[in-house]
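Quick note, the sequences are listed as chains A and B, same order.
Under the numbering used here, the letters of the first sequence match residues 1 to 179, in that order.
Under the numbering used here, the letters of the second sequence match residues 1001 to 1200, in that order.
Where a beta carbon is used, it is the ideal one built from N, C-alpha and C, also for glycine.
It should be emphasised that the depicted structure is a prediction, and the values quoted were computed from it without experimental measurement.
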Amino acid sequence: MKQCNTIQSLLPGYLSCELWPEERNMVEHHLHSCGGCSQTLKKYKKIDAELENREEVPPVLHHKILQNTQLKLLKNHHAFDRDNQLGKEEAVTAPGTGVVRETFFGLLLGNFLSNDSGGTIGVVVDSLIWYGKTILTALITFGGFQHKNHKLRKMTMLTLTFTNREYLLNHKSTYYFLK
Amino acid sequence: MYIGQNDSSKDESDEQLMIAYQNGDFEAFEMLYLRYEKYLYNFFLKWTGDREQAGDLLQVTFLKLHHRRNSYNPDYPFEPWFFTIARNAAKNSYHKSRRYNEIFIRQLVLEENEQTGWVTTDFEENDDPEEITCKKELKKMIESALLKLPESQREAILLNKYGGFSYSEIANMTVSSVGSVKQKIHRGYTTLRKLLEGWI
């Protein structure tokens, strides 16, 4: 009986491979001849099996946590705030070149370009930010430039042509989606 | 054994991902998150017995990870460090929770086999309906019994059996001794066995 108490105290460690070799040998030797302790071991195995059960994480929670961290990291990158997102209002205008439009959801980081009169004529985009790895079809208009039906993906080089200038944009390796 | 060690998609180690995350790489965070999300959610679910609390704790833990990411030293394993954050979140939240008493009361009700609404995803499609019912009941009973354990015993069992942490790792995380961890786990299992008499 005393030995059974000792053995049963070692059973959880036996199942977790936490025992010293001599302890393990002692347990296995005892189990060969003790039905009671063998039964206890079976019960502990059933408990362990249940402990390994896992439910799925609710999708809403999944997206919420990812999005929260995205936003925090973007703030650290000194991104434009959400009110400056293109598409909500005329973010970039230039004389006679029309209104900036965008049909995708994302954020452009960059520096506005000014002409000699101080008017904004365009933006040099440092990076295009959108969500995950999904492929988007985008129409971007900057000062008359149209980048139409181009499938945007990670590692894509973007070419935006403004009224007066042409810029080659290097992508960045990390993309975030804000909307 | 760490939860990620059996992950065949682990091209980069957790430690490497954390370095990238510390440099602002969201993709690195996302990979870390996907590795630990389900595991941690279920850890909290088994800890609290409540889905809403488990969801809250999951959020709190990853928020704390974000705030403390720059304090992580990649020379040391990520998982125990991360689980210390998770564990502390659970302990702090649980004791402050206004719902603590609600859960406690619900456990008393569980003794009368009321529905908890917990769903299991672990049954085979071709299981006999009666067998599925038995499995569901057993699951319910084990979860209920787990919640009846003193927190320190439940914590030690979950960290070892569910988390895969060794006794010495648990001792470090809980600032206790290996002997104390062994004792808690042994006592926890003994209590579980008694509570589940007739069910297992």
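- Among the CB atoms of chain A, none fall inside 8 Å of the CB of residue 1198 of chain B.
- The C-alpha of residue 1189 of chain B is placed about 34 Å away from the C-alpha of residue 59 of chain A.
- In this structure the region 12-31 of chain A lies against the region 1159-1168 of chain B, because at least three pairs of beta carbons, one per stretch, are closer than 8 Å.
- Inter-segment contact for the region 1018-1032 of chain B and the region 36-50 of chain A is absent: fewer than three beta-carbon pairs are separated by less than 8 Å.
- The beta carbons of residue 1160 of chain B and residue 1185 of chain B sit closer together than 8 Å.
- In the structure shown, residue 12 of chain A falls within a helical segment according to DSSP collapsed to helix, strand and coil.
- Here residue 27 of chain A carries a helix assignment [DSSP, helix/strand/coil].
- Listed along chain A, the residues sitting closer than 7 Å to residue 1055 of chain B by beta-carbon distance are 58 and 61.
- Under the 8 Å criterion on CB atoms, residue 1185 of chain B is classed as interfacial with respect to chain A.
- By the neighbour-count criterion, in which a residue is buried when 16 or more other Cβ atoms sit within 10 angstroms of its Cβ, residue 1081 of chain B is buried.
- In this structure residue 1085 of chain B is in contact with residue 1061 of chain B, their Cβ atoms being roughly 6 Å apart against a cut-off of 8 Å.
- With 16 or more neighbouring CB atoms inside 10 Å of its own CB, residue 1182 of chain B falls in the buried class.
- Residue 69 of chain A and residue 54 of chain A have their C-alpha atoms spaced approximately 24 Å apart.
- Pairing residue 1066 of chain B with residue 72 of chain A gives a Cβ-Cβ distance under 8 Å.
- When Cβ-Cβ separations below 8 Å define contact, residue 13 of chain A makes contact with chain B.
- Between residue 1031 of chain B and residue 1069 of chain B, the C-beta spacing is not below 8 Å.
- Here the alpha carbon of residue 1093 of chain B sits roughly 17 Å from the alpha carbon of residue 1173 of chain B.
- At a C-beta separation below 7 Å, residue 1142 of chain B has these neighbours in chain A: 47 and 50.
- Non-local C-beta neighbours of residue 1045 of chain B in its own chain, meaning closer than 6 Å and more than five positions away in sequence, comprise 1054, ordered along the chain.
- Between residue 1144 of chain B and residue 1014 of chain B, the alpha-carbon positions lie close to 33 Å from each other.
- Residue 1063 of chain B is positioned such that its CB atom lies no closer than 8 Å to that of residue 1040 of chain B.
- Legend: CB atoms of the region 18-30 of chain A lying less than 9 Å from CB atoms of chain B belong to residues 18.
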